[in-house]
Amino acid sequence: MKRSHRFSRVAATVVYNEYINDRNHVHMNSTEWATLTEFVKYLGRTGKCKVEETPKGWFITYIDRDSETLFKEKMKNKRAKADLVDEEKQEKEIQKQIERAEQMMQQSNPDKVLEDKGYYKQKGIVKKVIDKYVGEIEMLESKHVLRVDQEELETVIPQVGGRVKIVNGAYRGSLARLLGVDTDHFCAKVQIEKGAYDGRVLKAVEYEDICKVA
Numbered sequence: 000m001k002r003s004h005r006f007s008r009v010a011a012t013v014v015y016n017e018y019i020n021d022r023n024h025v026h027m028n029s030t031e032w033a034t035l036t037e038f039v040k041y042l043g044r045t046g047k048c049k050v051e052e053t054p055k056g057w058f059i060t061y062i063d064r065d066s067e068t069l070f071k072e073k074m075k076n077k078r079a080k081a082d083l084v085d086e087e088k089q090e091k092e093i094q095k096q097i098e099r100a101e102q103m104m105q106q107s108n109p110d111k112v113l114e115d116k117g118y119y120k121q122k123g124i125v126k127k128v129i130d131k132y133v134g135e136i137e138m139l140e141s142k143h144v145l146r147v148d149q150e151e152l153e154t155v156i157p158q159v160g161g162r163v164k165i166v167n168g169a170y171r172g173s174l175a176r177l178l179g180v181d182t183d184h185f186c187a188k189v190q191i192e193k194g195a196y197d198g199r200v201l202k203a204v205e206y207e208d209i210c211k212v213a
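Residue numbers (numbering that gives the first Met the number 0): 0 to 213.
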């Protein structure tokens, strides 16, 4: 079994016939087992093989007790579990990034374009979102149209009293009035205008979660 059927489930009679074809085989009547069935049951009791009795006869599967094989199988299973955990974590992180990108790149929100070639800190309007991570920006002054990665953009904060749009979080999409800013903690105080949350005051909204309304 170890040589010929190490990883197979096979009929006991098949293995027996292969065995007796060996001219140097030991005859069954020279052993303590009177029949093949008794020998098969012995293999099952001693854990040498997994045995199954079926309408077609006895089937046996070799149990590989080799320490190296067991160790490799154990390590293989361990790596598979670790890979699965890492894959799930990566998928969750990618999903978070996608959701963040979709929220940050809402159309018609003025942004400062942080791009080195002459557009540093200039303002533009997001006209189109491409592949969820790139914005097609129309510059307010030059009217040039650029394609800019989301990492190079930041939202514009108006003067106190100015109107903003909430672009992230539970109130995403709501229009609000800027009541104040906390420069130490990089957050703002806003009051929602119109809609289901009209009049509600949000005391600590992160700068990147709001944007000046054009």
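Don't be surprised by glycine CBs; every beta carbon is placed ideally from N, CA and C.
Rounded C-alpha distance that separates residue i from residue j
i	j	result
S7	N20	20 Å
D85	K71	21 Å
K75	K164	51 Å
W32	H4	22 Å
K77	A11	33 Å
T30	D82	49 Å
L220	E90	It is not possible to answer for residue 220, since the shown part of the chain is limited to 0 through 213.
E52	G43	11 Å
R64	G46	9 Å
Y118	K131	22 Å
C223	F38	In the structure as shown, the chain begins at 0 and stops at 213. Residue 223 is therefore absent and cannot be evaluated.
V125	K202	27 Å
T154	I93	22 Å
G160	K95	32 Å
Distance CB(residue i)-CB(residue j) smaller than 8 Å
i	j	result
R171	V189	no
I156	V180	yes
V50	I59	yes
A187	V204	yes
Y15	L35	yes
D197	I191	yes
Closest residue to residue i among the options (Cα-Cα distance)
i	options	result
Y206	K55, G168, K75, G194	G168
K40	M138, W57, T53, T30	W57
K127	R44, W32, M138, I59	M138
R146	I129, G160, E192	I129
V133	K142, Q149, V125, Y118	Q149
S173	R44, E52, I124, G194	G194
H143	G123, G161, T154, R162	G123
K55	Q94, K73, V9, K95	V9
Inter-residue CB distance, residue i and residue j (contact presumed, cutoff 8 Å)
i	j	result
E140	Q158	Not a contact, Cβ separation roughly 19 Å.
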